[in-house]
Each structure stands twice: as C-alpha cells, then as structure tokens.
Ligand code: TXA
Ligand code: MG
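In UniProt numbering, the protein residues as written are 1 to 329.
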C-alpha cells in the first residue's frame with residue numbers, strides 16, 4: 001500500500017473527505033456508513049441534502065451488503081462491466097444511511113475502473129471500513145466535473161484534506177446510471193456504457209425515465225455548467241457567427257471538433273479556440289477540461305460547434321445540453 005492510500009484510509013475511517021480519481025471523473029469520497037462524514041460532502045459541494053450519492057465498492061461481492069432484491073441482470077451487468085463506468089440503482093439494504101440515499105428506498109452502486117480507486121476501496125475494506133465510499137463528482141454543485149486532481153483543488157480547495165492524484169480521467173464524463181429497482185431497466189443518465197451494450201447483457205433495451213421530479217442531480221436541466229454563457233451553433237454557420245461576433249467587438253471561446261481551415265485567418269484569431277477529437281470517446285475524454293479552460297479564458301460567450309446526431313454521441317449531447325442550460329448562472 002502506498003503512503004497516500006494509507007493516509008486516505010486513515011482519513012476516511014476518521015470521518016474525513018478524500019478526493020478520489022476514477023476512470024470517469026474525480027469523486028469526493030466519504031465513508032458511506034458514516035452519516036456525519038457523508039454530511040461533509042454536501043457541505044463541501046453546496047449540494048442539496050436530498051440528492052442521493054453513489055456508493056463505490058471494491059467488487060460485486062459487496063453488492064449484497066448495500067442492496068436487497070438484486071435481480072439477475074444486476075449480477076450479469078456487474079460481471080460484464082465492473083470495474084467500469086456503470087452505476088446500478090437497486091433497492092437499498094437495511095442500514096444504508098438516509099444521508100447516502102437522500103431518504104429513498106434505493107441506492108446507487110458502482111465499482112470504479114481506476115487502479116487508485118480500487119486500491120483505496122480494497123485497503124479501506126481490509127482495514128475494517130464499511131467497504132463503501134460514497135462519492136459524488138468532486139465539483140461544486142451544478143459546476144463542471146473535475147477530471148484532474150488540480151481541478152478538484154480548484155473546485156473545493158481546503159475543504160478536502162487529501163486529493164489522491166491518479167492523472168487525467170480516461171473516460172472524462174460521469175458513469176451511465178441504470179435503475180434496476182423497478183423491474184424494468186431505466187436509463188437515468190447516459191454514459192460510456194451504451195443502451196446497446198446494456199441490452200446485449202439484459203436482453204431488453206433500457207427505457208427512458210418517466211417524467212416527474214428529478215431523482216439525480218445529474219438529471220437536472222442545468223448542470224455541468226461554466227460561469228460563462230454558452231451557445232450551440234451548427235458547423236455550417238460557425239464561421240459566419242464568429243465573424244459576426246468579431247465585427248461586434250466580441251471575443252468568444254470556441255469549442256469545435258471539425259477542421260475549419262478559416263480558423264487560421266487573422267479574423268478568427270482573437271477568439272480562443274479549443275479543438276476536440278471528432279469521435280465521441282475522444283471528445284468526452286477532453287470535454288470538461290476544455291470547458292473549464294474556456295471558462296477561465298475570460299470571454300463573454302463560449303460557442304460550441306453542434307456535435308453530430310446519433311446514439312454514439314448521446315452521452316456527450318446530454319452533458320452539452322445541460323451545460324448550455326446552466327451556463328452563466
Ligand atoms: O462517474 C460517476 O458516476 C461519478 C464518479 C465519482 O463515480 N460520480 C458521480 O456522482 O457522477 P454524482 O453524485 O455527481 O452523480 C451521481 C448521480 C446523481 O445524479 C444522483 O442523484 C444519482 O447519481 N443517484 C445516486 N443514487 C441514486 C438513487 N438511489 N436513485 C436515483 N439516482 C441516484
Ligand atoms: Mg456530479
């Protein structure tokens with residue numbers, strides 16, 4: 001065990017918070033069995049207390065400690081995708097604190113696919129901890145999720161005594177959330193694990209959530225948002241739009257993925273450009289860091305080149321739509 005992991009275990013057992021790298025985004029972790037520790041997460045993030053947290057566990061063998069009435073397809077999905085970017089919502093076991101579930105009868109569980117997170121979870125369980133680390137994304141409520149240790153420091157500063165550095169997150173957007181608590185699988189949040197991949201294991205395609213009160217903060221319409229206003233512009237109109245902004249005396253941040261030869265022209269240079277990969281996996285990996293940089297660039301508007309339609313882009317489209325809705329707020 002590295003000294004950092006030992007220190008993290010000591011802090012968690014003492015009811016403190018630890019910043020944790022995962023393959024999706026960085027999490028802000030606390031002992032899931034300690035309501036006072038979990039309360040510190042809500043205070044640090046400025047998050048409403050009725051928003052449930054995901055409990056991270058070292059392996060599927062721990063599922064039955066946190067959940068009850070676990071359907072076969074949960075075990076099959078765990079076998080297929082854990083460790084990995086899939087969160088399962090299951091009926092909660094007796095004894096799971098209300099602080100974690102937001103008082104709901106369900107609990108979100110996931111085995112993260114990052115070596116540092118797994119080392120920590122295993123060491124925490126071996127040291128007599130609950131084996132569960134409750135961790136939301138380590139950003140302030142409604143803001144851009146962190147994908148590096150430095151982002152966590154920037155978001156939360158001294159509110160976290162230790163941030164484990166596991167480098168840049170490979171996936172870059174939050175896990176897919178699948179609700180298995182009601183008999184039919186319901187996709188609460190799209191992510192790297194696609195509906196098609198889930199259907200291949202479960203035999204049924206996940207349904208869209210019914211309307212009603214949002215149960216997941218990641219499902220609020222305004223989320224993942226920079227402070228700078230944002231707008232989406234179609235590829236075909238992008239250069240005209242930016243040139244109009246120039247003539248009006250405005251500099252924009254531009255998030256694009258197409259090769260735009262004219263972006264080299266002097267007229268386009270005053271804008272701050274971020275070029276992302278044109279494939280959805282590469283785009284997701286780089287998205288939050290790029291948005292964060294553009295938010296710091298001090299422009300009055302972030303212009304996002306509209307991304308392609310299609311199921312492969314669904315998770316990125318979801319994050320961009322919510323960011324545009326929440327931006328500037
Ligand atoms: O990739 C991820 O899932 C990251 C890393 C750190 O694991 N975590 C993450 O946590 O995104 P957070 O709290 O930012 O988003 C988790 C979402 C929230 O929208 C929360 O409301 C939802 O999961 N959630 C947790 N438990 C739930 C439950 N019992 N029912 C419905 N939604 C739940
Ligand atoms: Mg979050």
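Backbone N, C-alpha and C define an ideal beta-carbon position, used for all residues, glycine too.
Counting only the Cα atoms, residue 250 lies some 42 Å from residue 114. Residues of the same chain with a CB within less than 6 Å of the CB of residue 152, apart from the 5 flanking positions on each side, are 19, 26, 138, 146 and 163 in chain order. Ranked by Cα distance from residue 192, the first of 24, 13 and 297 is 24.
DSSP places residue 204 in the coil class of the three-state scheme, outside both helix and strand.
Taking 8 Å as the upper bound for CB-CB distance, residue 322 and residue 222 are in contact here, some 6 Å apart. Judged by their CB atoms, residue 11 and residue 136 are not nearer to each other than the 7 Å cut-off. Residue 85 is positioned such that its CB atom lies no closer than 7 Å to that of residue 186. Ranking 134, 318 and 258 by CA distance to the CA of residue 56 puts 134 first. Counting only runs of 3+ residues, the beta strand (DSSP E) found wholly inside the segment 75 to 156 occupies 86 to 92 and 106 to 110, in chain order. Taken in chain order, no unbroken stretch of alpha helix (DSSP H) lies wholly in the segment 6 to 39 with a span of 4 residues or more. The C-alpha of residue 266 lies about 11 Å from the C-alpha of residue 243. Taking 6 Å as the cut-off, the C-beta of residue 108 counts as close to a heavy atom of the ligand TXA. Taking 7 Å as the cut-off, the beta carbon of residue 297 is found closer than this to the beta carbon of residue 253. Proximity to residue 93 across 64, 103, 116 and 99 peaks at 64, based on C-alpha coordinates. Look at residue 177 here: in three-state DSSP terms it is strand. Burial check for residue 66: the Cβ neighbour count within 10 Å reaches 16 or more, so the residue is buried.
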